[in-house]
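According to my numbering, the sequence shown is numbered sequentially starting from 32. Glycine residues also receive a C-beta, built at the ideal position from the N, C-alpha and C atoms. Here the structure is a predicted model, which means the values were calculated and not measured. Notes for the one structure printed next.
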Amino acid sequence: MPGTMQRLDGGVVKVDERYVCPISGGKMRKWLEVPGDFRRKDDESVYELFWCEESGLGQLLPRPNEEEITSFYQLDAYYTHQDYDPYKRGLSFDEKVCAHIAWRFDRSKELNATRFRELKGAGIKSCCDVGCGGGGSLIRMRDGGIEELVGIDPDPDARESVKENGFEVYSGTAEELPAEIEGRRFDMVLMTHVLEHTVDPVAALKSLQSLVSDDGLLVIEVPNHDNYGLKMWREAWPWLDVPRHLNFFTKKSLVELCGITGWEIVSVEYRGYCRQFQQNWLGYEEEIIEHQERFGKRKSGTFGLKVRRWWRLLRTMFNDDKRKYDSVRIIAKLK
(Lines of atoms letter the chains of each structure in order from A and count residues from 1; the text may use other names and numbers.)
(Lines give C-alpha, C1' and ligand atoms only; values in the text may rest on other atoms or scores of the structure.)
Protein backbone atom coordinates (compact mmCIF):
# COMPACT_ATOMS: atom_id res chain seq x y z
CA MET A 1 0.00 0.00 0.00
CA PRO A 2 1.78 3.22 -1.10
CA GLY A 3 2.67 5.64 1.68
CA THR A 4 1.91 3.16 4.47
CA MET A 5 3.67 0.36 6.28
CA GLN A 6 2.65 -2.36 8.71
CA ARG A 7 3.17 -2.03 12.45
CA LEU A 8 4.46 -5.07 14.29
CA ASP A 9 1.07 -5.26 16.02
CA GLY A 10 -0.75 -5.43 12.68
CA GLY A 11 -2.02 -1.83 12.53
CA VAL A 12 -1.30 0.48 9.63
CA VAL A 13 0.68 3.69 10.05
CA LYS A 14 1.79 6.34 7.62
CA VAL A 15 5.44 6.69 6.78
CA ASP A 16 7.19 9.99 6.18
CA GLU A 17 8.57 10.16 2.65
CA ARG A 18 11.28 12.63 3.76
CA TYR A 19 13.23 10.28 5.99
CA VAL A 20 15.05 7.08 5.06
CA CYS A 21 16.50 4.62 7.56
CA PRO A 22 20.32 4.47 7.25
CA ILE A 23 20.24 0.73 7.93
CA SER A 24 17.34 -0.69 5.91
CA GLY A 25 16.91 2.07 3.33
CA GLY A 26 13.18 2.04 4.08
CA LYS A 27 10.96 4.99 4.90
CA MET A 28 10.53 5.92 8.57
CA ARG A 29 7.26 6.65 10.38
CA LYS A 30 6.63 9.28 13.01
CA TRP A 31 7.02 7.61 16.38
CA LEU A 32 7.03 10.06 19.30
CA GLU A 33 6.81 13.77 20.03
CA VAL A 34 8.96 14.79 23.00
CA PRO A 35 7.94 18.12 24.57
CA GLY A 36 10.96 20.21 25.51
CA ASP A 37 14.20 19.21 27.22
CA PHE A 38 13.75 18.45 30.91
CA ARG A 39 17.39 19.37 31.57
CA ARG A 40 16.88 22.86 30.09
CA LYS A 41 13.74 24.33 31.62
CA ASP A 42 13.48 27.21 29.15
CA ASP A 43 13.35 24.87 26.14
CA GLU A 44 9.84 24.78 24.67
CA SER A 45 10.73 22.92 21.47
CA VAL A 46 8.85 19.81 20.41
CA TYR A 47 11.24 17.12 19.16
CA GLU A 48 10.02 14.59 16.61
CA LEU A 49 11.30 11.01 16.67
CA PHE A 50 10.90 8.66 13.70
CA TRP A 51 11.06 4.86 13.62
CA CYS A 52 11.89 2.16 11.07
CA GLU A 53 9.91 -1.02 11.68
CA GLU A 54 12.18 -3.04 9.41
CA SER A 55 15.45 -2.31 11.21
CA GLY A 56 14.25 -1.36 14.69
CA LEU A 57 16.03 2.01 14.61
CA GLY A 58 14.68 5.35 15.77
CA GLN A 59 16.11 8.80 15.04
CA LEU A 60 15.58 12.43 15.99
CA LEU A 61 14.66 14.15 12.70
CA PRO A 62 15.38 16.52 11.17
CA ARG A 63 18.96 16.41 12.43
CA PRO A 64 20.02 19.41 14.56
CA ASN A 65 22.93 21.52 13.34
CA GLU A 66 26.31 21.73 15.08
CA GLU A 67 25.43 24.91 16.98
CA GLU A 68 22.21 23.37 18.28
CA ILE A 69 23.98 20.18 19.35
CA THR A 70 26.54 22.21 21.30
CA SER A 71 23.73 24.02 23.12
CA PHE A 72 22.16 20.70 24.17
CA TYR A 73 25.20 19.98 26.37
CA GLN A 74 25.46 23.42 27.98
CA LEU A 75 24.17 22.15 31.31
CA ASP A 76 25.07 22.63 34.95
CA ALA A 77 25.63 18.88 35.18
CA TYR A 78 25.61 15.94 32.79
CA TYR A 79 25.91 12.37 34.07
CA THR A 80 28.88 11.35 31.90
CA HIS A 81 31.00 14.33 32.94
CA GLN A 82 30.20 14.91 36.62
CA ASP A 83 30.84 13.19 39.94
CA TYR A 84 27.32 14.00 41.19
CA ASP A 85 23.78 13.73 39.89
CA PRO A 86 21.34 16.59 40.61
CA TYR A 87 18.34 14.25 40.24
CA LYS A 88 19.48 11.70 42.81
CA ARG A 89 17.19 11.50 45.84
CA GLY A 90 16.47 9.28 48.81
CA LEU A 91 14.27 6.18 48.68
CA SER A 92 11.13 5.51 50.70
CA PHE A 93 10.79 2.15 52.46
CA ASP A 94 8.65 0.60 49.72
CA GLU A 95 11.06 1.91 47.06
CA LYS A 96 13.96 0.28 48.90
CA VAL A 97 12.08 -3.02 48.95
CA CYS A 98 11.34 -2.69 45.24
CA ALA A 99 14.99 -1.88 44.45
CA HIS A 100 16.22 -4.82 46.56
CA ILE A 101 13.96 -7.26 44.73
CA ALA A 102 15.19 -5.88 41.40
CA TRP A 103 18.80 -6.32 42.57
CA ARG A 104 18.07 -9.97 43.36
CA PHE A 105 16.90 -10.52 39.78
CA ASP A 106 19.63 -8.46 38.09
CA ARG A 107 22.00 -10.58 35.99
CA SER A 108 23.73 -7.66 34.28
CA LYS A 109 27.14 -8.17 32.74
CA GLU A 110 29.01 -5.13 34.02
CA LEU A 111 32.10 -3.59 32.43
CA ASN A 112 33.98 -3.49 35.72
CA ALA A 113 37.59 -4.16 36.74
CA THR A 114 36.92 -7.92 36.96
CA ARG A 115 35.57 -8.02 33.43
CA PHE A 116 38.54 -6.04 32.13
CA ARG A 117 40.90 -8.50 33.84
CA GLU A 118 39.14 -11.27 31.92
CA LEU A 119 39.66 -9.34 28.70
CA LYS A 120 43.30 -8.71 29.58
CA GLY A 121 43.74 -12.43 30.09
CA ALA A 122 42.34 -12.90 26.60
CA GLY A 123 45.05 -10.67 25.17
CA ILE A 124 43.59 -7.17 25.67
CA LYS A 125 46.52 -4.96 26.65
CA SER A 126 45.56 -1.62 25.05
CA CYS A 127 42.28 0.25 24.74
CA CYS A 128 40.91 3.46 23.28
CA ASP A 129 37.74 4.79 24.94
CA VAL A 130 35.82 6.85 22.37
CA GLY A 131 33.55 9.30 24.17
CA CYS A 132 35.33 8.72 27.47
CA GLY A 133 33.46 11.44 29.39
CA GLY A 134 35.05 12.00 32.78
CA GLY A 135 37.14 8.82 32.49
CA GLY A 136 35.19 6.34 34.64
CA SER A 137 35.74 3.43 32.24
CA LEU A 138 39.42 4.29 31.86
CA ILE A 139 39.83 4.08 35.63
CA ARG A 140 38.11 0.67 35.74
CA MET A 141 40.31 -0.56 32.89
CA ARG A 142 43.42 0.60 34.71
CA ASP A 143 42.19 -1.17 37.85
CA GLY A 144 41.70 -4.25 35.67
CA GLY A 145 45.36 -4.21 34.65
CA ILE A 146 45.14 -2.75 31.14
CA GLU A 147 48.12 -0.43 30.80
CA GLU A 148 47.94 1.40 27.45
CA LEU A 149 44.84 3.58 27.71
CA VAL A 150 43.72 6.49 25.53
CA GLY A 151 40.57 8.61 25.81
CA ILE A 152 38.76 10.66 23.17
CA ASP A 153 36.06 13.22 23.98
CA PRO A 154 34.84 16.50 22.44
CA ASP A 155 34.15 18.13 25.82
CA PRO A 156 37.11 20.15 27.21
CA ASP A 157 35.93 19.88 30.82
CA ALA A 158 35.66 16.10 30.52
CA ARG A 159 39.15 15.89 28.99
CA GLU A 160 40.58 17.98 31.82
CA SER A 161 39.13 15.55 34.35
CA VAL A 162 40.65 12.62 32.42
CA LYS A 163 44.06 14.31 32.32
CA GLU A 164 43.94 14.88 36.08
CA ASN A 165 43.60 11.12 36.50
CA GLY A 166 46.79 10.59 34.53
CA PHE A 167 45.41 9.40 31.19
CA GLU A 168 46.32 10.25 27.62
CA VAL A 169 43.29 12.04 26.11
CA TYR A 170 42.51 13.91 22.88
CA SER A 171 39.73 16.05 21.42
CA GLY A 172 37.57 14.26 18.86
CA THR A 173 34.49 12.19 18.11
CA ALA A 174 33.77 8.78 16.61
CA GLU A 175 33.06 10.42 13.25
CA GLU A 176 36.14 12.67 13.41
CA LEU A 177 38.98 10.90 15.20
CA PRO A 178 41.89 13.00 16.47
CA ALA A 179 44.94 13.28 14.21
CA GLU A 180 47.18 12.55 17.21
CA ILE A 181 46.28 8.84 17.16
CA GLU A 182 46.35 8.31 13.40
CA GLY A 183 48.04 4.99 12.64
CA ARG A 184 47.68 3.61 16.18
CA ARG A 185 45.80 0.36 16.68
CA PHE A 186 44.29 -0.97 19.89
CA ASP A 187 43.36 -4.41 21.21
CA MET A 188 40.00 -2.97 22.22
CA VAL A 189 37.96 0.10 21.29
CA LEU A 190 35.29 0.97 23.82
CA MET A 191 32.25 3.13 23.05
CA THR A 192 29.69 3.05 25.86
CA HIS A 193 26.59 5.21 25.57
CA VAL A 194 28.10 7.25 22.76
CA LEU A 195 26.69 5.91 19.49
CA GLU A 196 23.25 7.26 20.36
CA HIS A 197 24.76 10.77 20.37
CA THR A 198 26.34 10.59 16.90
CA VAL A 199 24.92 12.52 13.96
CA ASP A 200 26.01 9.78 11.55
CA PRO A 201 26.24 6.36 13.26
CA VAL A 202 27.18 4.63 9.98
CA ALA A 203 30.19 6.92 9.52
CA ALA A 204 31.10 6.49 13.19
CA LEU A 205 31.34 2.69 13.04
CA LYS A 206 33.22 2.77 9.74
CA SER A 207 35.68 5.26 11.22
CA LEU A 208 36.43 3.01 14.19
CA GLN A 209 37.81 0.30 11.90
CA SER A 210 41.04 2.29 11.72
CA LEU A 211 41.53 1.99 15.50
CA VAL A 212 41.04 -1.75 16.05
CA SER A 213 43.90 -4.21 15.60
CA ASP A 214 43.34 -7.18 13.27
CA ASP A 215 42.41 -9.48 16.17
CA GLY A 216 41.02 -6.70 18.38
CA LEU A 217 37.51 -6.08 19.70
CA LEU A 218 34.97 -3.28 19.47
CA VAL A 219 32.68 -2.92 22.49
CA ILE A 220 29.55 -0.79 22.02
CA GLU A 221 26.82 -0.18 24.58
CA VAL A 222 23.66 1.85 23.96
CA PRO A 223 20.22 2.31 25.56
CA ASN A 224 17.93 -0.62 24.75
CA HIS A 225 14.69 0.56 23.15
CA ASP A 226 13.09 -2.88 23.44
CA ASN A 227 12.95 -2.18 27.19
CA TYR A 228 9.55 -2.47 28.87
CA GLY A 229 10.08 0.89 30.57
CA LEU A 230 9.90 2.64 27.19
CA LYS A 231 6.56 0.96 26.49
CA MET A 232 5.30 2.14 29.88
CA TRP A 233 6.67 5.71 29.95
CA ARG A 234 7.00 6.47 26.22
CA GLU A 235 8.36 10.04 25.80
CA ALA A 236 9.02 10.24 29.57
CA TRP A 237 11.41 7.25 29.58
CA PRO A 238 14.71 8.56 31.04
CA TRP A 239 16.98 6.80 28.53
CA LEU A 240 15.47 8.72 25.60
CA ASP A 241 17.32 11.86 26.83
CA VAL A 242 16.15 13.92 23.85
CA PRO A 243 17.66 16.02 22.28
CA ARG A 244 21.15 14.78 23.24
CA HIS A 245 20.29 11.30 21.99
CA LEU A 246 19.86 11.35 18.23
CA ASN A 247 19.62 7.58 17.61
CA PHE A 248 17.47 4.97 19.37
CA PHE A 249 18.66 1.37 19.07
CA THR A 250 17.34 -2.12 19.65
CA LYS A 251 19.45 -5.28 19.59
CA LYS A 252 18.27 -5.85 16.01
CA SER A 253 19.24 -2.41 14.71
CA LEU A 254 22.60 -2.42 16.50
CA VAL A 255 23.50 -5.85 15.11
CA GLU A 256 22.43 -4.84 11.60
CA LEU A 257 24.31 -1.54 11.79
CA CYS A 258 27.48 -3.40 12.76
CA GLY A 259 26.93 -5.77 9.85
CA ILE A 260 26.68 -3.05 7.19
CA THR A 261 29.72 -1.19 8.54
CA GLY A 262 32.22 -4.06 8.43
CA TRP A 263 31.87 -5.69 11.87
CA GLU A 264 31.24 -9.31 12.82
CA ILE A 265 29.30 -9.92 16.03
CA VAL A 266 31.12 -11.91 18.73
CA SER A 267 28.47 -11.63 21.45
CA VAL A 268 25.43 -9.66 22.59
CA GLU A 269 24.92 -8.77 26.26
CA TYR A 270 22.46 -6.78 28.35
CA ARG A 271 22.82 -4.68 31.49
CA GLY A 272 20.92 -2.22 33.65
CA TYR A 273 18.00 -3.66 35.61
CA CYS A 274 18.29 -2.81 39.30
CA ARG A 275 19.22 0.80 38.55
CA GLN A 276 15.78 1.36 36.99
CA PHE A 277 14.46 1.24 40.57
CA GLN A 278 17.19 3.30 42.28
CA GLN A 279 17.49 6.94 43.38
CA ASN A 280 18.88 8.46 40.19
CA TRP A 281 16.42 6.78 37.86
CA LEU A 282 13.35 7.59 39.99
CA GLY A 283 14.52 11.19 40.26
CA TYR A 284 14.80 11.41 36.47
CA GLU A 285 11.31 9.96 35.98
CA GLU A 286 9.75 12.46 38.35
CA GLU A 287 11.62 15.41 36.86
CA ILE A 288 10.66 14.47 33.29
CA ILE A 289 7.00 13.94 34.15
CA GLU A 290 6.85 17.26 36.02
CA HIS A 291 8.47 19.00 33.05
CA GLN A 292 6.09 17.43 30.54
CA GLU A 293 3.06 18.40 32.61
CA ARG A 294 3.83 21.99 31.58
CA PHE A 295 2.98 20.94 28.03
CA GLY A 296 -0.20 19.14 29.12
CA LYS A 297 1.44 15.88 28.06
CA ARG A 298 0.78 13.72 31.12
CA LYS A 299 -0.27 13.73 34.76
CA SER A 300 0.77 11.14 37.31
CA GLY A 301 0.54 11.66 41.06
CA THR A 302 2.89 10.13 43.63
CA PHE A 303 0.63 7.12 44.18
CA GLY A 304 0.33 6.52 40.44
CA LEU A 305 4.11 6.53 40.07
CA LYS A 306 4.53 3.98 42.85
CA VAL A 307 1.94 1.66 41.32
CA ARG A 308 3.61 1.90 37.91
CA ARG A 309 7.03 1.08 39.38
CA TRP A 310 5.78 -2.03 41.15
CA TRP A 311 3.92 -3.04 38.00
CA ARG A 312 7.13 -2.63 35.98
CA LEU A 313 8.98 -4.83 38.46
CA LEU A 314 6.33 -7.56 38.31
CA ARG A 315 6.21 -7.43 34.51
CA THR A 316 9.99 -7.59 34.03
CA MET A 317 11.63 -9.59 36.83
CA PHE A 318 11.03 -12.88 34.96
CA ASN A 319 10.90 -11.36 31.47
CA ASP A 320 13.38 -11.94 28.66
CA ASP A 321 16.52 -9.82 28.61
CA LYS A 322 15.52 -7.46 25.82
CA ARG A 323 12.43 -6.32 27.78
CA LYS A 324 14.11 -6.35 31.19
CA TYR A 325 17.39 -4.46 30.76
CA ASP A 326 17.80 -0.80 29.85
CA SER A 327 21.00 -1.21 27.80
CA VAL A 328 22.33 -3.58 25.15
CA ARG A 329 26.01 -4.25 24.44
CA ILE A 330 27.66 -5.62 21.32
CA ILE A 331 31.16 -7.10 21.23
CA ALA A 332 32.39 -7.27 17.64
CA LYS A 333 35.51 -7.81 15.56
CA LEU A 334 36.57 -6.78 12.08
CA LYS A 335 35.19 -8.92 9.26
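- Ala363 and Ser284 have their C-alpha atoms some 14 angstroms from each other.
- Listed in chain order, the alpha helix (DSSP H) elements of length 4 or more contained wholly in the region 225-292 are 232-238, 259-264 and 282-291.
- Residue pairing of Pro95 in beta bridges, as defined by DSSP: absent, with no partner found.
- Our two residues, Phe103 and Glu316, have alpha carbons roughly 19 angstroms apart in a direct line.
- Around Trp341, the same chain offers Cys129 as residues with beta carbons nearer than 7 angstroms, after the five sequence neighbours per side are excluded.
- Fully enclosed beta strand (DSSP E) runs of no fewer than 3 residues occupy 157-161 and 179-183 of the region 116-200, in order along the chain.
- Counting along the chain, the unbroken beta strand (DSSP E) around Asp218 starts and ends at Phe217 to Thr223.
- Residue environment: Asp68 is assigned as buried (16 or more neighbouring CB atoms within 10 Å of its CB, all protein chains considered).
- Of the other Cβ atoms in all chains shown, 16 or more fall within 10 Å of the Cβ of Phe280; this residue is therefore buried.
- CA-to-CA, the gap between Pro93 and Phe124 works out to about 44 angstroms.
- Between the region 250-257 and the region 202-216 there are fewer than three inter-stretch CB-CB distances shorter than 8 angstroms, so the stretches are not counted as touching.
- DSSP, read as helix, strand or coil, puts Gly87 in coil.
- Shown here for Tyr50: same chain residues with a beta carbon closer than 6 angstroms to its own, the five before and five after excluded, namely Met59, Phe81 and Leu92 in chain order.
- Distance check between Thr229 and each of Leu277, Leu221, Glu213 and Ser192 places Leu277 closest, using alpha-carbon atoms only.
- Tyr301: member of the beta strand (DSSP E) spanning Trp294 to Arg302, first to last residue.
- With a minimum length of 4 residues, the unbroken runs of alpha helix (DSSP H) contained wholly in the region 317-359 fall at 333-347 and 352-355.
- Annotation for Gln240: Gly293 and Leu365 place their beta carbon closer than 7 angstroms to its own, counting only its chain and skipping 5 residues before and after.
- The C-beta of Thr145 has fewer than 16 other C-beta atoms within 10 Å across all chains shown, which makes the residue exposed.
- When rounded, the separation of the alpha-carbon atoms in Arg70 and Cys52 is 28 angstroms.
- Within the same chain, Pro66 come within 6 angstroms of Phe326 by CB-CB distance, once the 5 residues on both sides are set aside.
- By the Cβ-count criterion, Thr101 is exposed, with fewer than 16 other Cβ atoms from all chains shown falling within 10 Å of its own Cβ.
- Selection Val193, Asp137, His224 and Glu126 evaluated against Arg354 yields Asp137 as nearest (Cα-Cα).
- The beta carbon of Ser55 is closer than 7 angstroms to those of Cys83, Glu85 and Ser86 in its chain, skipping five residues each way along the sequence.
- Phe349 is classed as exposed because its beta carbon has fewer than 16 other beta carbons within 10 Å across all chains shown.
- Under the DSSP assignment, Glu64 falls in the beta strand (DSSP E) whose first and last residues are Lys58 to Pro66.
- In the DSSP secondary-structure assignment, Lys364 is bridged to Glu295.
- Excluding its 5 nearest sequence neighbours in each direction, Leu344 has C-beta neighbours in its own chain below 8 angstroms: Cys129, Ile132, Ala133 and Phe308, listed in chain order.
- Nearest to Arg346 by alpha-carbon distance, out of Glu324, Ile183, Asp231 and Gly260, is Gly260.
- The Cβ atoms of Ser244 and Asp218 sit closer than 9 angstroms to each other.
- Beta-bridge pairing by DSSP links Leu80 to Leu63 and Leu91.
- Taking 9 angstroms as the cut-off, the Cβ atoms of Gly166 and Asp160 count as close.
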